[in-house]
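In full-length UniProt numbering, the protein residues as written are 1 to 88.
Beta carbons are placed, not taken as given, at the ideal position from N, Cα and C, and that holds for glycine.
Remarks on the structure that follows.
Right, dumping it as structure tokens:
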């Protein structure tokens, strides 16, 4: 998997990591996100709605675990924009 393809923008400016973060309820969501991060996916990139992947995660226990995984990735924006706080 090349670094370029990981950061390629798809529909609405989403990267592969945005798409994986939006797979709410998917059985292997955590593994997919971990795989993308291990191959250099950048969790700080924003889509056209100005969301980072962390903003697209589900609420609750699973979402909290996934947020921790993304925060351990590089450059996660602790300073979210107004109205764009990660779900808690």
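Assign residue 15 to buried or exposed, taking buried as 16 or more other Cβ atoms, counted over all protein chains shown, within 10 Å of its Cβ.
-> Here residue 15 corresponds to residue number 15 of the chain shown, with the count starting at 1. Buried: at least 16 other Cβ atoms inside 10 Å.
* Asked: Which residue comes first and which comes last in the alpha helix (DSSP H) that contains residue 18?
  -> Position 18 of the chain shown, counting from 1, holds the residue named residue 18. Start and end: 16 to 21.
*Nearest residue (CA-CA) to residue 73, options 10, 25, 44*: For the purposes of this step, residue 73 is taken as residue 73 along the chain shown, with counting starting at 1. Nearest option by C-alpha distance: 44.
Residue 27 versus 68, 70, 71, 63, residue with shortest Cα-Cα distance
Indexing the chain shown from 1 puts residue 27 at position 27. For the residues 68, 70, 71, 63, the minimum Cα distance to residue 27 belongs to 63.
Residue 65 - containing alpha helix (DSSP H), residue span: Along the chain shown, one-based indexing puts residue 65 at 65. Unbroken alpha helix (DSSP H) run through residue 65: 60 to 72.
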